[in-house]
Amino acid sequence: MSDILDTILARKREEISALRTTTTLASLRDQARDQDPPRGFCAALRRAAVHGPAVIAEIKRASPSKGLIRADFDAAWLAAEYEQGGAACLSVLTDRDFFQGGDEYLIAARAACALPVIRKDFLIDEIQIVQARAIGADCVLLIAGAMDAAQLRRLHDIAREQSLDVLVEIHDAEELQRVIDAQLGEGFLLGINNRNLRTFETRLETTLELLDRLPVSVEVVTESGIAQPADVQRMMKSGVRRFLVGESLMRQPSPATALRQLIG
Ligand SMILES: O=C(O)c1ccccc1NCC(=O)[C@H](O)[C@H](O)COP(=O)(O)O
Numbered sequence: 001m002s003d004i005l006d007t008i009l010a011r012k013r014e015e016i017s018a019l020r021t022t023t024t025l026a027s028l029r030d031q032a033r034d035q036d037p038p039r040g041f042c043a044a045l046r047r048a049a050v051h052g053p054a055v056i057a058e059i060k061r062a063s064p065s066k067g068l069i070r071a072d073f074d075a076a077w078l079a080a081e082y083e084q085g086g087a088a089c090l091s092v093l094t095d096r097d098f099f100q101g102g103d104e105y106l107i108a109a110r111a112a113c114a115l116p117v118i119r120k121d122f123l124i125d126e127i128q129i130v131q132a133r134a135i136g137a138d139c140v141l142l143i144a145g146a147m148d149a150a151q152l153r154r155l156h157d158i159a160r161e162q163s164l165d166v167l168v169e170i171h172d173a174e175e176l177q178r179v180i181d182a183q184l185g186e187g188f189l190l191g192i193n194n195r196n197l198r199t200f201e202t203r204l205e206t207t208l209e210l211l212d213r214l215p216v217s218v219e220v221v222t223e224s225g226i227a228q229p230a231d232v233q234r235m236m237k238s239g240v241r242r243f244l245v246g247e248s249l250m251r252q253p254s255p256a257t258a259l260r261q262l263i264g
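See below:
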């Protein structure tokens, strides 16, 4: 039986076919070349992590697991709030059908602040990666559970050719093995998603349980379900200093205040 991740990926394949009928890789490459240089997503996180929790604050209007999260939605205002609240980077959902996101939100958010931005979407094809740079993204997400090791390596290398940083996301030991098999070298971020994207179960222990299996040099980002200062402190005590946080900030009247309280 297919689950939500399979459904999303099937829709992505339709979107990719439609995109190929309206534009070409060559024209997207030209648009990508015309963009400002990337802002350095990994470097910004690394700098922030020296002093305390380094947060990628997520702009997410809705999600498959929670439905509508924030009705009053202004991507530029949210970006400015997150920057004031001390975010190191932004994450912007660009998927329309399942998250009510859009490329226009990434463009507006990036223009409203000086933070590096990741295009948060389900990227499984070269054209989506080049398009990410063409709309100004500084980093892309590659979900190991959505592809095999060879495809992961291929898309990672295409992203690096576009000067994009890469956040590779895993949820379990099998996906970690896929990342190891892909031999990506150094320089990528490893996201551990506490949410199972097929069942929506969210457990912070997911990150803590996988830590022992990782080389010490890996830059880990713990993703999903971070809601309380105690969650942040728990991760920091285990040596995890990078966080991807969406819903708990998006639900607050002032995301800036909420972020300041979360990271202390
Ligand atoms: O959030 C979902 O419901 C979801 C469903 C299917 C695929 C991906 C999904 N979320 C993407 C994410 O990983 C989160 O947006 C991100 O880690 C932030 O999580 P949170 O702080 O819990 O909003």
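Residue numbers (full-length UniProt numbering): 1 to 264. Note that beta-carbon positions come from the ideal geometry of N, C-alpha and C, so glycine has one too. Please read all numbers here as calculations on a predicted model, not as lab measurements.
query = How is the beta strand (DSSP E) around Gly191 delimited, first residue to last?
reply = Residue 191 sits at position 191 when you count from the first residue of the sequence shown. Note, Gly191: beta strand (DSSP E), 189–193.
ask   = Do we get a CB-CB distance below 8 Å when we pair Val117 with the residues of chain D?
value = No chain D appears in the structure shown, which is made up of a single protein chain.
Presumed contact (8 Å Cβ cut-off) between Leu167 and Val221, rounded CB distance = Taking the sequence shown and counting its residues from 1, one reaches residue 167 at position 167. Taking the sequence shown and counting its residues from 1, one reaches residue 221 at position 221. Under the criterion of beta carbons closer than 8 Å, Leu167 and Val221 qualify as touching, at roughly 6 Å.
request  = Please classify Arg213: is it buried, with 16 or more other beta-carbons within 10 angstroms of its beta-carbon, or exposed?
outcome  = The residue you call residue 213 lines up with position 213 of the sequence shown. Classification for Arg213: exposed.
key: Distance, Cys139 Cα to Ser163 Cα   = Along the sequence shown, one-based indexing puts residue 163 at 163. Along the sequence shown, one-based indexing puts residue 139 at 139. Between the C-alpha atoms of Ser163 and Cys139 there is a straight-line separation of about 9 Å.
key: Rounded C-alpha distance that separates Ser224 from Cys113   = Walking along the sequence shown from the start, residue 224 turns up at place 224. Walking along the sequence shown from the start, residue 113 turns up at place 113. Whole-angstrom Cα-Cα distance: 23 Å.
Unbroken stretches of the beta strand (DSSP E), 3 residues or longer, contained in the region 3–61 = List check, beta strand (DSSP E) in window: 54–59.
request  = Just tell me which of Phe243, Ala144, Leu155 has its CA closest to the CA of Ile180.
outcome  = By 1-based counting over the sequence shown, the position of residue 180 is 180. For Ile180, the closest C-alpha among the options Phe243, Ala144, Leu155 is that of Ala144.
Ala76 versus Glu175: straight-line alpha-carbon distance, rounded = For the purposes of this step, residue 76 is identified with residue 76 of the sequence shown, where counting begins at 1. For the purposes of this step, residue 175 is identified with residue 175 of the sequence shown, where counting begins at 1. A straight-line Cα-Cα distance of about 34 Å links Ala76 and Glu175.
ask   = How close, in whole Å, do the beta carbons of Gly85 and Val92 come, if the pair is a contact with beta carbons under 8 Å?
value = As a position in the sequence shown, residue 85 is number 85, starting the count at 1. As a position in the sequence shown, residue 92 is number 92, starting the count at 1. Actually they are not in contact, since the Cβ atoms of Gly85 and Val92 sit about 16 Å apart, beyond 8 Å.
inquiry  = Starting from Val232, trace the beta strand (DSSP E) in both directions and tell me its first and last residue.
reply    = As a first step, residue 232 must be located in the sequence shown, where it is residue number 232. For Val232, there is no enclosing beta strand (DSSP E); the residue is found in the alpha helix (DSSP H) stretching over 229–237.
ask   = What are the complete alpha helix (DSSP H) segments, minimum 4 residues, inside the region 114–153?
value = Secondary structure remark: continuous alpha helix (DSSP H) runs of at least 4 residues inside the region 114–153, in chain order: 126–134.
query = Contact between the region 127–137 and the region 146–163: three or more CB pairs below 8 Å?
reply = Flag = yes, the region 127–137 and the region 146–163 touch.
request  = Using three-state DSSP, classify Ile170 as helix, strand or coil.
outcome  = Translated into the one-based positions of the sequence shown, residue 170 becomes position 170. Ile170 falls in the strand class under three-state DSSP.
message = At the level of alpha carbons, what is the spacing between Arg110 and Ile56?
response = Taking the first residue of the sequence shown as 1, we reach residue 110 at position 110. Taking the first residue of the sequence shown as 1, we reach residue 56 at position 56. Going from the Cα of Arg110 to the Cα of Ile56 covers about 13 Å.
key: Check: Ile59 C-beta below 7 Å from any heavy atom of ligand 1   = Looking up residue 59 in the sequence shown gives position 59. No, since every heavy atom of ligand 1 falls outside the 7 Å radius drawn around the Cβ of Ile59.
query = Can at least three beta-carbon pairs, one atom from the region 246–257 and one from the region 57–70, be found at a separation below 8 Å?
reply = Cβ pair count under 8 Å is three or more, so yes.
task = Could you check which residue in Gln183, Ala26, Ala80 has the C-alpha nearest to that of Asp148?
result = Residue numbering aside, residue 148 sits at position 148 when the sequence shown is read from its first letter. Closest option to Asp148, Cα to Cα, is Gln183.
N- and C-terminal bounds of the alpha helix (DSSP H) containing Ser248 = Start at 1 with the first residue of the sequence shown, and residue 248 comes out as number 248. Element bounds for Ser248: 247–250.
task = Using the Cα positions of Lys12 and Leu45, report the straight-line distance between them to the nearest angstrom.
result = The sequence position of residue 12 within the sequence shown is 12, counting from 1. The sequence position of residue 45 within the sequence shown is 45, counting from 1. Whole-angstrom Cα-Cα distance: 29 Å.
query = Using the rule of at least 16 other Cβ atoms within 10 Å of the residue's Cβ for burial, across every protein chain shown, is Val50 buried or exposed?
reply = Translated into positions along the sequence shown, residue 50 becomes position 50. By the neighbour-count criterion, in which 16 or more other beta carbons inside 10 Å mark a residue as buried, Val50 falls on the exposed side.
request  = Determine the DSSP secondary structure at Arg241, reduced to helix, strand or coil.
outcome  = The residue given as residue 241 occupies position 241 in the sequence shown. Coil.
inquiry  = With a threshold of 7 Å (Cβ to nearest heavy atom), would Gln245 be considered close to ligand 1?
reply    = Here residue 245 refers to the residue found at position 245 when the sequence shown is read from its first residue. One point to set straight first is that residue 245 is Val, not Gln, in the sequence displayed. For Val245, the Cβ falls inside the 7 Å cut-off from some heavy atom of ligand 1.
Residue burial classification, Asp3 (beta-carbon count within 10 angstroms, cutoff 16) = On the sequence shown, position 3 is the one that residue 3 refers to. Counting every other CB atom within 10 Å of its CB across the protein chains shown gives Asp3 a total below 16, marking it as exposed.
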